[in-house]
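Below you'll find the structure, written out as structure tokens, and then a few comments.
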Amino acid sequence: MMCAVAPECQLIGPSTLKELKMTVTTTGAERTNSRMMLLHLLVLLTFTHVSCDTSHVEDETTGKSSLTFVFDITGSMFDDLLQVREGAKKIFQTVMQQRDKLIYNYIMVPFHDPRILKALEISLPSSFIYVFTDARSKDYDLEDAVLNTIQEKQSSVVFVMTGDCGNRTHPGFRVYERIAAASFGQVFHLEKSDVSSVLEYVRHAVRQKKIHVLYEIREYGGEMMRIVPVDELMTELTISLSGDKDDKDELDIRLKNPQGQTLNKNVYTQEGGTIDLKNVKLIRIPNPQPGLWQVTTSSRLKHTIRIFGHGSIDFKFGFATRPLERIELVKY
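Numbering (full-length UniProt numbering), first residue to last: 1 to 332.
Here it is in structure tokens:
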């Protein structure tokens with residue numbers, strides 16, 4: 001087993017059928033303070049060498065993504081780290097069992113203040129980035145650079161907030177919401193004991209390609225209904241509803257299939273990766289019936305809904321002034 005701690009200039013090396021890598025990006029004091037803490041996580045995984053020469057791996061990365069964890073390494077996040085360690089092990093095992101692997105590499109970016117821009121820069125296009133923190137951002141002045149990079153790389157950023165971040169109207173908190181909206185991600189407000197629920201969902205999400213359907217940030221509570229089209233190529237329908245910690249028991253999702261029949265919650269609560277917490281609801285419907293589904297949500301306070309599907313076919317587009325060999329080279 002080899003462990004590579006990558007300086008900021010380094011990029012990921014080639015993967016093999018038998019190995020999947022994790023890259024750890026650390027700098028200065030972060031490297032000194034975080035190494036022992038991260039060792040508990042990294043020792044569970046297999047690594048390969050990290051190299052700045054990536055010319056020979058471009059073909060291997062085509063159509064694949066990075067799974068990136070951006071993790072707050074302050075002392076208050078220690079309990080979260082323990083859950084991420086166990087969750088990462090399960091995710092790794094799931095990916096290695098796949099015949100067609102969608103994840104090319106793992107990347108771990110430890111920080112004292114959120115370093116989302118660095119995570120986006122070193123991850124492959126169309127990657128899955130999960131930010132674990134209990135504090136609002138202190139470098140929100142980098143928002144424009146982050147949003148531009150999201151537009152270029154088309155990656156999704158999900159924030160897992162496990163603490164009381166104080167004033168939710170503070171620019172350091174609102175920037176999370178804007179980044180999540182721009183990247184078709186989400187902001188989850190969780191108790192520290194619930195982090196494992198999100199990681200269990202991630203384990204299921206990395207199995208198939210994602211198809212974006214709907215994303216809405218709703219500033220006010222109430223009941224809202226949306227019609228969601230599902231075709232025969234969609235292998236799974238996922239509805240995610242995230243509310244404020246103070247929303248308590250009023251956050252809810254109700255579904256009707258194309259025949260107008262209301263789905264009993266027992267139909268989907270047994271599915272792995274389903275989340276049923278007071279302020280986070282995530283429903284997975286495997287092999288949904290083609291047609292128009294009715295999704296009704298209720299919430300007392302501000303909330304976000306994200307609806308997407310999984311399937312074997314996805315659509316990517318881009319613009320270029322000359323013919324290119326790979327879709328990853330276009331500008332979005």
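From the three backbone atoms N, C-alpha and C, an ideal C-beta is built for every residue, glycine too.
Look up residue i in the DSSP assignment and give the residues it is bridged to.
| i | result |
| --- | --- |
| residue 333 | No statement about residue 333 is possible, as the shown extent of the chain runs from 1 to 332 and does not include it. |
| residue 276 | 281 |
| residue 65 | 103 |
| residue 299 | 222 |
| residue 217 | 304 |
| residue 158 | 130, 186 |
| residue 71 | 110, 132 |
| residue 229 | 292 |
| residue 286 | 236 |
| residue 251 | Paired residue(s): none; residue 251 is not in a bridge. |
| residue 243 | 303 |
| residue 210 | 310 |
Going by C-alpha distance, which of the options is nearest residue i?
| i | options | result |
| --- | --- | --- |
| residue 175 | 205, 147, 152, 292 | 147 |
| residue 135 | 254, 72, 126 | 72 |
| residue 74 | 253, 111, 94 | 111 |
| residue 259 | 94, 288, 85 | 288 |
| residue 101 | 64, 125, 213, 109 | 64 |
| residue 125 | 90, 278, 62, 145 | 62 |
| residue 172 | 181, 145, 140, 200 | 140 |
| residue 145 | 182, 253, 279 | 182 |
Count the other CB atoms within 10 Å of the CB of residue i; is the residue buried (16 or more) or exposed (fewer)?
| i | result |
| --- | --- |
| residue 193 | exposed |
| residue 266 | exposed |
| residue 66 | buried |
| residue 292 | exposed |
| residue 170 | exposed |
| residue 52 | Note that residue 52 scores 37 on pLDDT, short of 50, meaning its location in the model is unreliable; the coordinates nonetheless yield the value given after this. With fewer than 16 Cβ atoms within 10 Å of its Cβ, residue 52 is classed as exposed. |
| residue 186 | buried |
| residue 87 | buried |
| residue 143 | buried |
| residue 310 | buried |
| residue 155 | buried |
| residue 231 | exposed |
| residue 243 | buried |
| residue 39 | With a pLDDT of 45 at residue 39, under the threshold of 50, the modelled position of that residue is not reliable, and the figure given next carries that caveat. Exposed. |
| residue 76 | exposed |
| residue 233 | exposed |
Taking residue i and residue j to be in contact with their CB atoms under 8 Å, please state how far apart those CB atoms are, rounded to whole angstroms.
| i | j | result |
| --- | --- | --- |
| residue 300 | residue 250 | 4 Å |
| residue 129 | residue 120 | 7 Å |
| residue 304 | residue 216 | 7 Å |
| residue 160 | residue 184 | 16 Å between Cβ atoms; not a contact. |
| residue 195 | residue 83 | 4 Å |
| residue 275 | residue 198 | 7 Å |
| residue 78 | residue 132 | About 12 Å separates the two Cβ atoms, so there is no contact after all. |
| residue 80 | residue 149 | Their Cβ separation, rounded to whole angstroms, is 25 Å, which puts residue 80 and residue 149 out of contact at 8 Å. |
| residue 92 | residue 210 | Not really, about 20 Å apart at Cβ, beyond 8 Å. |
| residue 104 | residue 152 | Not confirmed; about 18 Å, so no contact. |
| residue 220 | residue 302 | 7 Å |
| residue 157 | residue 122 | 14 Å between Cβ atoms; not a contact. |
Per the contact definition of three or more C-beta pairs closer than 8 Å, is the segment 216 to 232 in contact with the segment 283 to 303?
-> yes
Using 8 Å as the Cβ pair cut-off and three pairs as the minimum, do the segment 283 to 292 and the segment 228 to 242 touch?
-> yes
Could you say if the segment 257 to 266 and the segment 194 to 210 meet the contact criterion of at least three C-beta pairs nearer than 8 Å?
-> no
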